[in-house]
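Peer 1:
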Amino acid sequence: MKKKTTLTLLDPVLLKPAVRASFAKLSPAVQWRNPVMFVVYLGSIVTTLLGLQAQQDSGFILTISAWLWFTVLFANFAESLAEGRAKAQSASLRGLKQSTWAKKLKDPVHGSTWLPEQAENLRKGDVVLVDAGEMIPLDGDVIQGVATVDESAITGESAPVVRESGGDFSSVTGGTRVLSDWLVVRITVNPGESFLDRMISMVEGAKRQKTPNEIALTILLVALTIVFLVVTVTLLPFSIFSVQAAGSGTVVSITALIALLVCLIPTTIGGLLSAVGVAGMSRMMQANVIATSGRAVEAAGDVDVLLLDKTGTITHGNRQAAAFLPAPGLTEAQLALCAMQASMADGTPEGRSVVVLAQRLGLKDALTGNTQEVAFTAQTRMSGMDVTHADGSTRQLRKGAVEAIRKHVESLGGSVPAEVVRASDDVARRGSTPLAVADGKQVLGIVELKDIVKAGIKERFGELRRMGIKTVMITGDNRLTASAIAAEAGVDDFLAEATPEDKLKLIRQYQAEGRLVAMTGDGTNDAPALAQADVAVAMNSGTQAAKEAGNMVDLDSNPTKLLEVVETGKALLMTRGSLTTFSIANDVAKYFAIIPAIFVSTYPQLGALNVMQLGSPNSAILSAVIFNALIIMFLIPLALKGVKYRPVGAAALLRRNLAIYGLGGLMVPFVGIKLIDLLLVALQLT
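Structure follows, in structure tokens:
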């Protein structure tokens, strides 16, 4: 059970620093980075100066100026609040950075002398011993021992995890604590480069790079701002000419033109754009996923191909040896004994389960002679043992994927019996995984491994399909097994008997078609594909190579988190699109409020456009400016929390967006501006 503390928006821990930062961000060096809000910033300065020197209407001008300053401050507050939430999430991580002592192996070549050493003095390649109750000083890989480790301070998961040498669960993180037994760890980073250090810098980094979509949207907002700026500037000479030609009326004031400009440019999304981006990374952090940049979060929202490992993602990942199916003329005991001996060098859970199943039959390893282990690799997809007897003869015991064993025995001049092929096909059709066992060029039979497809995964894939995302299952199993599980899970395609090279080739193939690819991995053999993928989620329990290659790290080491990552990325894009739609739409209402107000004295016919029946020109202008400021404040929770993700297609999403935020953006300002106008008139403030 996870125990997470989440801070509400009204928490003083967040509010007080955000308010202070809002004023600190009034520096011109900060404001000019946001072109839309920089225009509002300049307008605030100009109206302030005009109000201070005005002989008449100074109160009105200074009131307009005050609300323009509030508009800038609310935008600063939104960004500061988003940054504050991200910084608050890393407070517990900073607490983990403490001076730690470790037992360092001084002479790994000639002896095993362990001497105390501060963590700050350790370097990449050093070997340390961590006993029960001690902190792991820096990130590393377990090279000896098996122990339970408390990673709750980083992952939020109270249940301890097992870390052991070999396999994909050998990576340990600095700042976590060994609860039982002991571990010998080879340090893989230097001080200041640990995963904890990188997490803190990711979360707290002051210089958040803008994402491509954010840059494109900023360019659009700047273009709209320039258009409205040109239009507004031309209104002054037009007003002067109109008054002179009509012989009556009042020339529009600089204050009114500034108010018109601020209300017409997309200040709502301009003020919230940065906050939305920061909040996207913050929401990833809440899901226990560390993104190296906003680009990775945004790319997750654009992904249209998901590559998912079968084991642990689509299935529960606890494939266990369930049965021995011997070839004709052989007994189950003969097959089981050879399978056990061939699995001694296989450190994978599947390999260990073969040994356990054979031992349940009462078998014991009785190999004589010199033995040489043949470790399992992703390339060979088999493990085994070479046994050299006293007379010089050699036995090659192998266990692995059926196709890999077939190639092996054929290279020795043997072949796979038809009965064994049929048994393998039967196992595959049941959705289980067949492993073949060979002694030299003789195939002894099949070991059946069973796994179970996770409940509800088919429905999740259905949701992704409706979003236009293609799902591809990656597995080292043969095509029959892969096909059976793919059909049961409901994935769109699968890659069977996959090697690291195959994964890399598949990703490049999809990218060549112009598609964005996401994948997850935890092993060193996944690193090339992770580096190539557009969104690469590495497991925190995986190897250092995988974490270095990925652009996201899942602290929970849950492969299915990739689906949540995509949903969070989609929600980020939906939030940005919804706020943009609302911002542009609500400018229409402000047009009906201000244009009649500033030109009605010259052209009385424009009074027909005063559809809101606002009290006076000054009241109309002030009401629009106040609404323009307050709407940013009211939309801050939506920008930080995000629009709720819905698994619908692009067309349906567009219709919903226009119906809610487009129509809402048109209607809300009419209501809001009218209510503010009524209040101003009632209080006689205009």
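The working numbering applies: residue 477 is where the sequence shown begins, and numbers increase by one.
All residues carry an ideal CB built from backbone N, CA and C; glycine is no exception.
1) Using C-beta distances below 8 Å, list every residue in its chain close to Q620, excluding the 5 sequence neighbours before and after it, in chain order.
2) Near V948, which residues of its chain fall below 8 Å by C-beta distance, leaving aside the five closest residues on each side in sequence?
3) Would you mind giving the Cβ-Cβ distance between L873 and G860, rounded to the nearest angstrom? I have them listed as a contact below 8 Å.
4) Tell me whether the beta-carbon of I540 lies closer than 9 Å to the beta-carbon of I1071.
5) Can you check DSSP and say which residues form a bridge with R653?
6) Exposed or buried, which one is K883 when buried takes at least 16 other CB atoms within 10 Å?
7) For V831, which residues in the same chain have their Cβ closer than 6 Å to its Cβ, ignoring the five residues on either side in sequence?
8) Please confirm whether any heavy atom of the ligand GDP lies closer than 8 Å to the CB of T694.
9) Which residues bound the beta strand (DSSP E) around K786?
10) Measuring only the C-alpha atoms, how far is E1144 from T791?
11) Helix or strand or just coil, what does DSSP make of I983?
12) Does the region 1083–1096 come close enough to the region 1134–1142 that 3 or more CB-CB pairs lie under 8 Å?
13) Do L581 and T589 have their C-beta atoms within less than 9 Å of each other?
14) Can you give me the Cβ contacts of F1068 inside the same chain, cut-off strictly under 7 Å, excluding the 5 residues immediately before and after it?
15) Specify the secondary structure class of W508 as computed by DSSP and reduced to three states.
16) Determine the closest residue to A1065 out of G527, K946, S729, K1150, with distance taken between C-alpha atoms.
17) Drop a sphere of 10 angstroms on the beta-carbon of L1161, count the other beta-carbons inside from all chains shown, and report buried for 16 or more, exposed for fewer.
18) Helix, strand or coil for N846 per DSSP?
19) On the DSSP letters alone, give me the boundaries of the alpha helix (DSSP H) that T710 sits inside.
20) If you check the beta carbons only, do F800 and G827 fall under 9 Å apart?
21) How would you call A1009, buried or exposed, if buried means at least 16 neighbouring beta carbons within 10 angstroms?
22) Could you tell me whether the region 706–723 touches the region 517–528, using the rule of 3 or more Cβ pairs below 8 Å?
23) Just checking my contact of Y517 with V495 at CB under 8 Å: how many whole Å lie between their CB atoms?
24) On a CA-only basis, which of E808, V752, T787, K786 is nearest V773? Give me that one, please.
25) When you compare each of H865, G805, A812 to A443 by their alpha carbons, which one comes out closest?
26) In this structure, how does DSSP classify F645 when only helix, strand and coil are distinguished?
27) Who are the near neighbours of L1159 in its chain, counting only those whose CB is closer than 6 Å to its CB and skipping five residues on each side?
28) Check each candidate in R662, A958, F1146, E935 and name the one with the smallest Cα separation from P1123.
29) Give the DSSP-derived three-state secondary structure of M943 in the structure shown.
30) Considering only DSSP beta bridges, list what D617 is partnered with.
31) Considering only DSSP beta bridges, list what I950 is partnered with.
32) Could you give the DSSP three-state label for L811: helix, strand or coil?
33) If you follow the beta strand (DSSP E) that Q796 is in, where does it begin and where does it stop?
34) Can you tell me whether S647 is buried or exposed? The criterion is at least 16 other CB atoms within 10 Å of its CB, across all chains shown.
35) Does DSSP put P636 in a helix, a strand or coil?
36) DSSP has R874 in a bridge; who is on the other side?
Peer 2: Short version:
1) Counting from one through the sequence shown, the residue named residue 620 turns up at place 144. Taken in chain order, the residues that qualify are S641, L659, V660.
2) In the sequence shown, residue 948 corresponds to position 472, counting from 1. Excluding five sequence positions before and after V948, the CB atoms of its chain that fall closer than 8 Å to its own CB belong to V781, L782, L783, L784, V967, D968, D969, F970, L971, L982, given in chain order.
3) Residue numbering aside, residue 873 sits at position 397 when the sequence shown is read from its first letter. Residue numbering aside, residue 860 sits at position 384 when the sequence shown is read from its first letter. Yes, L873 and G860 are in contact; Cβ-Cβ is about 5 Å, under 8 Å.
4) As a working note, residue 540 is residue 64 in the sequence shown. As a working note, residue 1071 is residue 595 in the sequence shown. Cβ atoms of I540 and I1071: not closer than 9 Å.
5) Taking the first residue of the sequence shown as 1, we reach residue 653 at position 177. Beta-bridge pairing links R653 to M611, D626.
6) By one-based count along the sequence shown, residue 883 stands at place 407. Exposed is the call here.
7) Here residue 831 refers to the residue found at position 355 when the sequence shown is read from its first residue. M816, S819, listed in sequence order.
8) Looking for the ligand GDP in the displayed structure turns up nothing, as the structure carries no ligands at all.
9) Stepping through the sequence shown from its first residue, residue 786 is reached at position 310. Secondary structure note for K786: it is in no beta strand (DSSP E), with a DSSP letter that is neither H nor E.
10) On the sequence shown, residue 1144 is found 668 positions in, with the first residue counted as 1. On the sequence shown, residue 791 is found 315 positions in, with the first residue counted as 1. The sequence shown places Val at residue 1144, not Glu. Straight through space, the alpha carbons of T791 and V1144 are spaced by roughly 48 Å.
11) The residue you call residue 983 lines up with position 507 of the sequence shown. Correct three-state label for I983: helix.
12) Too few Cβ pairs lie closer than 8 Å, so no.
13) Translated into positions along the sequence shown, residue 581 becomes position 105. Translated into positions along the sequence shown, residue 589 becomes position 113. Going by C-beta atoms, L581 is nearer than 9 Å to T589.
14) Here the question's residue 1068 lines up with position 592 in the sequence shown. Close CB contacts of F1068 within its chain, under the 7 Å cut and outside five residues either way in sequence, are with L1085, V1087, M1088 (chain order).
15) Indexing the sequence shown from 1 puts residue 508 at position 32. W508: coil per DSSP, three-state reduction.
16) By 1-based counting over the sequence shown, the position of residue 1065 is 589. For A1065, the nearest C-alpha among the options comes from K1150.
17) If you number the sequence shown from 1, residue 1161 lands on position 685. Its Cβ having fewer than 16 others within 10 Å, L1161 is exposed.
18) By one-based count along the sequence shown, residue 846 stands at place 370. In the structure shown, the three-state DSSP call for N846 is strand.
19) As a position in the sequence shown, residue 710 is number 234, starting the count at 1. In the DSSP assignment, T710 falls within the unbroken alpha helix (DSSP H) covering 688–722.
20) Indexing the sequence shown from 1 puts residue 800 at position 324. Indexing the sequence shown from 1 puts residue 827 at position 351. Their beta carbons are not under 9 Å apart, which means F800 does not touch G827 by this criterion.
21) By one-based count along the sequence shown, residue 1009 stands at place 533. Counting Cβ neighbours within 10 Å, A1009 comes out buried, since at least 16 surround it.
22) These segments do not touch.
23) One-based indexing of the sequence shown puts residue 517 at position 41. One-based indexing of the sequence shown puts residue 495 at position 19. Contact doesn't hold; Cβ gap of about 18 Å is too wide.
24) Position 297 of the sequence shown, counted from the start, is the residue given in the question as residue 773. Per the C-alpha coordinates, the member of E808, V752, T787, K786 positioned closest to V773 is V752.
25) Outside the modelled stretch of the chain, which goes from 477 to 1162, sits residue 443, for which no answer is possible.
26) Residue mapping note: residue 645 aligns to position 169 of the sequence shown, counting from 1. F645 carries a coil assignment under DSSP once its states are collapsed to helix, strand and coil.
27) Along the sequence shown, read from residue 1 onward, the residue named residue 1159 stands at position 683. The beta carbon of L1159 is closer than 6 Å to none in its chain, skipping five residues each way along the sequence.
28) Numbered from its first residue, the sequence shown carries residue 1123 at position 647. The residue with the shortest Cα to Cα distance from P1123 is E935.
29) Taking the sequence shown and counting its residues from 1, one reaches residue 943 at position 467. Coil, per DSSP.
30) For the purposes of this step, residue 617 is taken as residue 141 along the sequence shown, with counting starting at 1. For D617, which the question treats as bridged, DSSP gives the partners S647, R662.
31) Locating residue 950 in the sequence shown gives position 474, counting from the first residue. Here I950 is bridged, per DSSP, to D785, L971.
32) Counting from one through the sequence shown, the residue named residue 811 turns up at place 335. For L811, the three-state secondary structure derived from DSSP is helix.
33) The count along the sequence shown starts at 1 and reaches residue 796 at position 320. Here the beta strand (DSSP E) through Q796 covers 796–802.
34) Taking the sequence shown and counting its residues from 1, one reaches residue 647 at position 171. Classification of S647: buried, given that the 10 Å Cβ count is 16 or more.
35) Taking the first residue of the sequence shown as 1, we reach residue 636 at position 160. In the three-state reduction of the DSSP assignment, P636 falls in the coil class.
36) Walking along the sequence shown from the start, residue 874 turns up at place 398. In the DSSP output, where bridge partners are listed per residue, R874 has G860, A914.
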